[in-house]
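**Q**
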Amino acid sequence: MSIASAIVLFMVIWFMTFLIVIPIRIETQGDLGEIVPGTHAGSPQKHHLRKKAWITTGIATVLWVIIGGTIISGVISVRDIDLFHRLGPGNSMWYSETE
């Protein structure tokens, strides 16, 4: 895996994890009874984004090490996840039978 691939993998894992972590333990204006005029009751009063970003970074780092280690070690390869046999030299996309 190249450095660029490792960075892209980390960023994808980080953003997916962040989207999962954002709604956890959110305190809405409706929950606290302090609804600001012109806003929805479900709007967050306290979102703690900095704390959630650090939690996301920790979780994403652990997942990245596990997934990256699996990819680098070769335990799972592209051939293992190619269920329809569309990848590789035996595919007509790669070469023609007449060549």
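Counting the sequence shown from 1 gives a position; my numbering is that position plus 1143.
Glycine residues also receive a C-beta, built at the ideal position from the N, C-alpha and C atoms.
#1: According to DSSP, which residues form a beta bridge with residue 1187?
#2: On a CA-only basis, which of 1169, 1173, 1146 is nearest residue 1190? Give me that one, please.
#3: Please decide whether residue 1199 counts as near chain B, where near means a Cβ-Cβ distance under 9 Å.
#4: Compare the C-alpha of residue 1161 against each of 1182, 1185, 1199 and name the closest.
#5: With residue 1197 and residue 1153 assumed to form a contact (beta carbons below 8 Å), what rounded beta-carbon distance in angstroms separates them?
**A** Checking against the coordinates, here is how it stands:
#1: Note: residue 1187 is bridge-paired with 1171 in the DSSP secondary-structure output.
#2: Nearest C-alpha to residue 1190 among 1169, 1173, 1146: 1169.
#3: Within the model displayed, chain B is absent; a lone protein chain is all it includes.
#4: Nearest C-alpha to residue 1161: 1199.
#5: That belief does not hold up - the Cβ atoms of residue 1197 and residue 1153 are roughly 15 Å apart, past 8 Å.
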